[in-house]
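Engineer: One structure coming up, written as structure tokens, with questions to follow.
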Amino acid sequence: MNLLKQLISEIRRDHRELKSAAIALEQMRTRQDVRRAHEFEVSKKYARCVVLSNEFLTGNIVMAIIFAVVRPFGADDMDYKLMISAMWLLVSAAHFVLIFSTLKWLVYFVMFRVGVAAYVLATVLIYTITACLCVILAMSALPIEIHLRYFEMVLVFLLVIAFIAGVSVTSYLVMRHPILVGSTGEERLLALLPAELRGEILCLSADDHYVHVVTEKGRDLVRIKFQRAVELMDEAGGCLIHRSHWVSVKAVVSIESRSNGALFAHLKNGDKLPVSKGRAREFKTLVGPLL
1 MNLLKQLISE IRRDHRELKS AAIALEQMRT RQDVRRAHEF EVSKKYARCV
51 VLSNEFLTGN IVMAIIFAVV RPFGADDMDY KLMISAMWLL VSAAHFVLIF
101 STLKWLVYFV MFRVGVAAYV LATVLIYTIT ACLCVILAMS ALPIEIHLRY
151 FEMVLVFLLV IAFIAGVSVT SYLVMRHPIL VGSTGEERLL ALLPAELRGE
201 ILCLSADDHY VHVVTEKGRD LVRIKFQRAV ELMDEAGGCL IHRSHWVSVK
251 AVVSIESRSN GALFAHLKNG DKLPVSKGRA REFKTLVGPL L
């Protein structure tokens, strides 16, 4: 009987542990889903901001008008002025649609997954490729004689114009977006947070493939490697106090030392973080004079 009771007790304990683990896993998946949704929403807003900007719209319209009037690539041999004008206007419209439909995915999969350098290169390439495709499709309606007569010139001019356009758009993005041009690592990290949470960063805490970024205005979960986040905060005047925690020196209000040797950092927002023994001396050296 005692053996049976012990067995039932163990089964119940295992069941509670499995249930707790399942709840923790579900919470982690929920946080990941929320973060992915937030990242994709940022990507869509960013793409919409770029594509619907006055500079981008004006550039497409001006390009279409110039091409319609000048009629390059052999189009000046044709008498169908209305058709040529319509063709270049359609090229501009198709280019606009392709850029709009691909840019948000480009931002999401490259900027949030690979990095800024790859994003800059990918922006130039995606802009160049879509411009080339639009023009090639539009010119497919022209007579074959024009293709044969102007093939080399068309190819060279098309690649040059498209590449210059891609570099121009990339330069515009670099000037306008804080993720690309943040003067400090802290600004680049803050750019990944919702606008209402941006402020002085108090601490960072690792959570699997995510990092809890705590600011004076709140906290959010960001999909970034903890080591990368700490590198971005290198100039912010902070200290790595644990393999999973980084704190800003200015955010520490007191240090708690227990009888068993455990050390904790109390932050001005009320958080309490453990300090590992291997990093305690460096932490006290940095924070001690400020307390």
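For the sequence shown, full-length UniProt numbering assigns the number 291 to the last residue and increments by one with no breaks.
The beta carbon of each residue, even a glycine, is placed where N, CA and C say it ideally should be.
For Gly270, count neighbouring C-beta atoms within 10 Å of its own C-beta (all shown protein chains included) and say buried if the count is 16 or more, exposed if not.
Structural biologist: Exposed, by the Cβ-count rule.
Engineer: Once DSSP output is grouped into helix, strand and coil, what is the label at Glu216?
Structural biologist: Residue state, collapsed to three classes: coil.
Engineer: Using beta-carbon positions only, say whether Leu204 and Asp220 come within less than 7 Å of one another.
Structural biologist: No, Cβ-Cβ distance for Leu204 and Asp220 is not below 7 Å.
Engineer: For a test of the three-state rule: what should DSSP assign to Glu200, helix, strand or coil?
Structural biologist: Coil at Glu200, not helix or strand.
Engineer: Specify the secondary structure class of Gly237 as computed by DSSP and reduced to three states.
Structural biologist: Correct three-state label for Gly237: coil.
Engineer: When burial is assigned at 16 or more other CB atoms within 10 Å of the CB, is Ile179 buried or exposed?
Structural biologist: In this prediction, Ile179 has a pLDDT of 48, which is less than 50 and means its spatial position is unreliable; nothing more can be read from the coordinates.
Engineer: When the Cα of Pro194 is compared with those of Lys217, Val230, His209 and Gly237, which residue comes out closest?
Structural biologist: Out of Lys217, Val230, His209 and Gly237, Lys217 has the C-alpha closest to the C-alpha of Pro194.
Engineer: DSSP puts Lys272 in a beta bridge; with which residues?
Structural biologist: Per DSSP, His266.
Engineer: Does DSSP put Leu192 in a helix, a strand or coil?
Structural biologist: In the structure shown, Leu192 sits in coil (DSSP, three-state: anything other than H, G, I, E or B).
Engineer: How far does the beta strand (DSSP E) with Val252 in it reach, from first residue to last?
Structural biologist: Taken as a continuous stretch (DSSP letters only), the beta strand (DSSP E) holding Val252 covers Val252 to Ser257.
Engineer: So is Ala251 buried or exposed if we call it buried at 16+ other beta carbons inside 10 Å?
Structural biologist: Burial call: buried.
Engineer: Ordered along the chain, which non-local residues of its own chain (more than five positions away) have a Cβ less than 7 Å from that of Val249?
Structural biologist: Contacts found: Gly237, Gly238, Cys239, Leu286, Val287 and Leu290.
Engineer: So Glu282 and His266 are supposed to be a Cβ contact under 8 Å. How far apart are they, rounded?
Structural biologist: Going by Cβ atoms, the distance from Glu282 to His266 rounds to 18 Å, so no, they are not a contact pair.
Engineer: Under 7 Å between the Cβ atoms of Val253 and Lys268?
Structural biologist: Going by C-beta atoms, Val253 is nearer than 7 Å to Lys268.
Engineer: For Leu25, count the other beta carbons within 10 Å of its own beta carbon; 16 or more makes it buried, fewer makes it exposed. Which is it?
Structural biologist: Because the pLDDT of Leu25 is 49, which lies under 50, any placement of that residue in the model is unreliable, and the question is left without a value.
Engineer: For my contact list, Val213 and Leu189 are in at a C-beta cut-off of 8 Å; report their separation, rounded to the angstrom.
Structural biologist: That belief holds up - the Cβ atoms of Val213 and Leu189 are roughly 7 Å apart, short of 8 Å.
Engineer: What are the boundary residues of the alpha helix (DSSP H) that includes Val247?
Structural biologist: It is not in any alpha helix (DSSP H) - Val247 instead sits in the beta strand (DSSP E) that spans His245 to Ser248.
Engineer: With 16 other CB atoms within 10 Å as the buried threshold, where does Glu186 fall?
Structural biologist: Flag for Glu186 reads buried.
Engineer: Is Phe264 closer than 7 Å to Lys272 when the C-beta atoms are compared?
Structural biologist: Against a cut-off of 7 Å, the Cβ pair of Phe264 and Lys272 comes out as a contact.
Engineer: Which word fits Ala229, buried or exposed, when buried means at least 16 other C-beta atoms lie within 10 angstroms of its C-beta?
Structural biologist: By the 10 Å Cβ count, Ala229 comes out buried.
Engineer: The alpha helix (DSSP H) spanning Lys284 covers which residue range?
Structural biologist: Lys277 to Val287 is the extent of the alpha helix (DSSP H) around Lys284.
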